[in-house]
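Everything on this sheet refers to the single structure shown next.
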Amino acid sequence: MSEVALLLLALALTLACAVFVAAEFSLTTIERSELERAVKAGERGAESALKAAKRLTFQLSGAQLGITVTSLIIGMLAEPSLAVLLRGPLEGVGLPAGAVSTVATLLGVAVSTVVLMVVGELVPKNWAISSPLTVAKVVSTPQRAFTACFAPLIRHLNNTANRFVRRLGLEPAEEL
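Here the sequence shown stands for residues 1 to 176, where the numbers follow the UniProt record's numbering.
What follows is the structure in structure tokens.
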């Protein structure tokens, strides 16, 4: 696959990561009473958001799984693709041949990290915190579909985490 195609795939995964981040922050900041009013008013996406909020811990674990997996794959795709694309220009500006690979790799890591952080994490976080109901209505259905697909893995991860929490003398909660 060409470097450009890999970067486009990495960009698509960055947008998927943004959905997971938006789900995580909207579901933790939304006012339950506001969400229930939206359901009663028949607002599109509100019922899905309420279902997600009622299984908050499970949905947050799903969002965290999605964020982790997309971030890892983005790093595997974007950094080497950017490094390949940057080698020519770096050679063209006269960078010593022995330094080109290292500098291209470092720039690839830096660029892919900044794009992921800004587009995939910070923008959706700020959007979700500033408009939790709107965001929850938009992202809850894809978030719930993802958690349904990966439910066995998410349950296993949640159960493992809950065992650790109980060993700390605390009882895990499913919703706020």
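Note that CB positions come from ideal geometry on N, CA and C, so glycine has one too. Note that this is a predicted model, so its numbers are computed, not measured.
Where the alpha helix (DSSP H) containing M76 begins and where it ends: 56-92
Where the alpha helix (DSSP H) through V119 begins and ends: That residue, V119, is in no alpha helix (DSSP H); it is neither H nor E in DSSP.
Presumed contact (8 Å Cβ cut-off) between C17 and L116, rounded CB distance: 7 Å
Length-filtered (4 minimum) alpha helix (DSSP H) runs lying within the stretch 15-46: 32-40
Spatially closest choice to V139 from S81, S71, K51, by CA coordinates: K51
Rounded distance between the beta-carbons of I129 and F25, thought under 8 Å: 6 Å
G98 versus G66 - alpha carbon distance: 38 Å
G169, DSSP secondary structure in three states: coil
Neighbourhood of K125 by C-beta distance below 7 Å, restricted to the same chain and skipping five residues each side: V21, F25
From E34, V109, R155, residue whose alpha carbon lies closest to that of S71: V109
Touch test, the stretch 3-11 against the stretch 73-83, Cβ-Cβ under 8 Å, three pairs minimum: yes
Chain B contact for T105 (CB, 8 Å cutoff): Note that chain B does not occur in the displayed structure, where there is just one protein chain.
Length of the line joining the Cα atoms of L60 and L77: 25 Å
Beta-carbon proximity check, G62 vs T141, cutoff 8 Å: no
Buried/exposed call for G120, threshold 16 Cβ in 10 Å: buried
Member of A23, I154, T134 whose CA lies at the smallest distance from the CA of L122: A23
Where S2 sits in the DSSP three-state scheme: coil
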